[in-house]
Amino acid sequence: MLPSCQHFMAFIGAEELVKNHGFVTKPHKDSDFIELDPDNIAWNVIRSHFDELLLRHASALGVKVFEGLNVTDIKFSGERPASAIYEAQGTQTSKPREINFRYLVDASGRTGIMSTKYLKNRQFSTSLMNMAFWGYWRGGGKYAPGTNRENAPWFEAFAGKFLLKHK
Numbered sequence: 004m005l006p007s008c009q010h011f012m013a014f015i016g017a018e019e020l021v022k023n024h025g026f027v028t029k030p031h032k033d034s035d036f037i038e039l040d041p042d043n044i045a046w047n048v049i050r051s052h053f054d055e056l057l058l059r060h061a062s063a064l065g066v067k068v069f070e071g072l073n074v075t076d077i078k079f080s081g082e083r084p085a086s087a088i089y090e091a092q093g094t095q096t097s098k099p100r101e102i103n104f105r106y107l108v109d110a111s112g113r114t115g116i117m118s119t120k121y122l123k124n125r126q127f128s129t130s131l132m133n134m135a136f137w138g139y140w141r142g143g144g145k146y147a148p149g150t151n152r153e154n155a156p157w158f159e160a161f162a163g164k165f166l167l168k169h170k
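Residue numbers for the sequence shown, in the working numbering: 4 to 170.
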């Protein structure tokens, strides 16, 4: 997560929560985020832990959280989303139910029910249409301990189509 996300974390009152969670801070390959400001931190977050942390924070602030549900449709009042049709996940016998709301946060991830089914405005950035391989090793230790590059990730970019050949 980039340092610019800290402003949003502060806005929603979660900055200290994220800072204190124990996510590993990371230096950046091309710039030193903390050179001019020691609080300008980037974190290497485990996405599922980060999402859970923010979900629980929202719940603690009074947001009604519903888990284990699959939203299948959104109903509108004019142009405004007003209710959702949902079913329980992982069951064949769940009957569709409806819930009304004042505000809608589409947390459906890359499926993005609002942008794909209703607004039809999903746009993909061609610069992000790539492939990544990630690996973890046991007993590897930290990279460059005690330096400003401690725990820095290593990335290698290749151009062209020579790496993978699909048959």
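C-beta atoms are modelled at their ideal positions from N, C-alpha and C, and glycine is treated no differently.
- Would you identify the three-state DSSP class for His169, choosing helix, strand or coil? Reading the sequence shown from its first residue, position 166 is the one you call residue 169. Here the model assigns His169 a pLDDT of 49, short of 50, so the residue's position is not dependable and the matter cannot be decided.
- Query: Do you know how far the Cα of Gly81 is from the Cα of Leu57?
  - Reply: The residue labelled residue 57 in the question sits at position 54 within the sequence shown. The residue labelled residue 81 in the question sits at position 78 within the sequence shown. Distance between the alpha carbons of Leu57 and Gly81: 31 Å.
- Could you tell me if Ala87 is buried or exposed, where buried requires 16 or more neighbouring beta carbons within 10 angstroms of its beta carbon? Your numbering for residue 87 matches position 84 in the sequence shown. Buried, since its Cβ has 16 or more Cβ neighbours within 10 Å.
- Task: Can you tell me which of the three DSSP states Ala155 falls into?
- Result: Taking the first residue of the sequence shown as 1, we reach residue 155 at position 152. Coil.
- Excluding the five sequence neighbours on either side, which residues of its own chain have a C-beta within less than 8 Å of the C-beta of Val27, listed in chain order? Residue mapping note: residue 27 aligns to position 24 of the sequence shown, counting from 1. Closer than 8 Å at the Cβ level, and outside the excluded window around Val27, lie Trp46, Asn47 and Asn154.
- Is it the case that the Cβ atoms of His60 and Ala17 are separated by a distance below 8 Å? In the sequence shown, counting from the first residue as 1, residue 60 sits at position 57. In the sequence shown, counting from the first residue as 1, residue 17 sits at position 14. In contact: His60 and Ala17 (Cβ atoms closer than 8 Å).
- Query: Among all the DSSP beta bridges, which residues are the ones paired with Ser80?
  - Reply: As a position in the sequence shown, residue 80 is number 77, starting the count at 1. According to DSSP, which records beta bridges pairwise, Ser80 is partnered with Arg83.
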